[in-house]
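Here's the structure we're looking at; comments come further down.
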Amino acid sequence: AARVFSGIQPTGVPQLGNYLGSIKNWVALQTQQLQQGRSITPHEQFISIVDLHALTVPRDPEKLRKETIETAASLIACGIDPSRSVLFRQSAVPAHTQVHWVLSCITPVGWLNRMTQWKTLNFRSAAAQNLLTGLFTYPVLMAADILLYRATHVPVGEDQIQHLEFARDLLVHFNKTYKTKLFPMPTPLLTESRRVMSLRDPLRKMSKSDPQEYSRITLADTEDQIVLKIRKASTDSISGITFDPESRPGVSNLLSIYAALCSTSPKAAADVMSNFTNAQLKNTVAEAVVNSLSPIRQQMCRLLEDRGYIESILRKNEVKAREVAEQNWKSIAKCIGLSY
Ligand code: TYM
4 AARVFSGIQP TGVPQLGNYL GSIKNWVALQ TQQLQQGRSI TPHEQFISIV DLHALTVPRD
64 PEKLRKETIE TAASLIACGI DPSRSVLFRQ SAVPAHTQVH WVLSCITPVG WLNRMTQWKT
124 LNFRSAAAQN LLTGLFTYPV LMAADILLYR ATHVPVGEDQ IQHLEFARDL LVHFNKTYKT
184 KLFPMPTPLL TESRRVMSLR DPLRKMSKSD PQEYSRITLA DTEDQIVLKI RKASTDSISG
244 ITFDPESRPG VSNLLSIYAA LCSTSPKAAA DVMSNFTNAQ LKNTVAEAVV NSLSPIRQQM
304 CRLLEDRGYI ESILRKNEVK AREVAEQNWK SIAKCIGLSY
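So for the sequence shown, full-length UniProt numbering puts the first residue at 4; every next one is plus one.
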């Protein structure tokens, strides 16, 4: 059977890129069927709030706990239904760290050295003195997540593709090393908006960790904040609206955002708005973003009035996640000669 697995870091409220690149897809997958080979198969979906991954940069414990609950609330507000998707905290399932260790023992260091996110760090900077081992082995933990649930499909944004390829290589390596066929190859699932760009610098991706607050829209932004951020978005001085990501990255990013929210294509949106000024384009996009995100923000606020309820939902789902994970851990342990 097919199994969908994905994860999100609990670092504050998700931003629009998380929503359009992944979360929206997770919601859709709750009611869609997947193609496997020639047949359509039903699937289970696991969504992990990856609090262990979040530890790769130092976190304040209380803040991490708080943001974990807020991330859960935001996902439910977006439409993740905890009775259809197994929504759980990574740290509630000990097998993630067990598999991480097992995989790290067959991972060549060279493979990790080649990862873009690691390679592009400035090792001469003062901050580099504090680089942590966990950040280096981050992709191994992500591969462990995928392997532990024997995931067949992994819906992510484009920035995670290299991590996913690493996981695929590692699974092949595992199967070969232990002469097993235990683990299926995970296929990435991308959306049309696989790469939402920063509103300030449309050549970079929108990110929660960007120091410029005006670079992103978060699911907690008020209507006024959304309107202001889009009004300040960087565009260009060419007249008329066209979709051309190469030469007009700012305008094209706004069109892509609009298209994803209004179920159209960026090209079709550009055709409709061809005579618009930048200001008119921004008004139209801002309205679409407000219409889509306002109900989510309101629902999130309601949910967060009762954090105990969110906690209880997670705990219930974690029983199920542990059940599946423990069973798979046993087959892994057995396969490699550990006690099980
Ligand atoms: P994270 O928390 O950085 O992001 C969660 C999801 O949002 C997508 N995303 C974007 N998509 C389009 N445009 C953007 N600007 C944008 N920014 C973020 C990400 O691609 C991701 O799908 N390592 C992962 C979490 C993880 C995971 C896993 C994912 C841990 N284990 C196993 C899949 C399978 C991460 O840090 O995502």
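Quick reminder that beta carbons are idealized off the backbone N, C-alpha and C, glycines included.
Query: Coil, strand or helix - PRO298 by DSSP; Result: helix
Query: Test: ALA57 CB closer than 8 angstroms to a CB of chain C; Result: The displayed structure is made up of one protein chain only, and chain C is not part of it.
Query: Cβ-heavy atom distance, GLY24 to the ligand TYM, below 7 angstroms; Result: yes
Query: LYS208 CB to nearest heavy atom of the ligand TYM below 7 angstroms; Result: yes
Query: Beta-carbon proximity check, PHE91 vs GLU321, cutoff 8 angstroms; Result: yes
Query: Where LEU258 falls: helix, strand or coil (DSSP); Result: helix
Query: CA-to-CA distance, ASP239 to ARG251, given in whole angstroms; Result: 7 angstroms
Query: Ordered list of beta strand (DSSP E) runs contained in the region 56-130, each at least 3 residues; Result: 88-92
Query: Whole-angstrom distance between PHE139 and ALA147, CA atom to CA atom; Result: 15 angstroms
Query: Separation of ARG325 from ASN331, as counted between CA atoms; Result: 10 angstroms
Query: CB contact flag (ALA5, LEU55, <8 angstroms); Result: no
Query: Simplified DSSP assignment, three categories, for ILE11; Result: strand
Query: Counterpart residues of GLN18 in DSSP-defined beta bridges; Result: THR221
Query: Heavy atom of the ligand TYM within 7 angstroms of PHE139 beta-carbon; Result: no
Query: Rounded distance between the beta-carbons of VAL199 and GLY20, thought under 8 angstroms; Result: 4 angstroms
Query: Distance cut-off 7 angstroms: VAL159 Cβ against heavy atoms of the ligand TYM; Result: yes
Query: Cβ-based neighbour list, LEU264, same chain, cut-off 8 angstroms, excluding 5 preceding and 5 following; Result: LEU23, ALA291, VAL292, ASN294 and SER295
Query: Contact set for VAL89: own chain, Cβ-Cβ below 6 angstroms, skip 5 residues either direction; Result: PHE49, ASN320, LYS323 and ALA324
Query: Segment contact, 8 angstroms Cβ cut-off, at least three pairs: the region 295-315 with the region 127-138; Result: no
Query: Residue interval of the alpha helix (DSSP H) (run including PRO269); Result: 269-275
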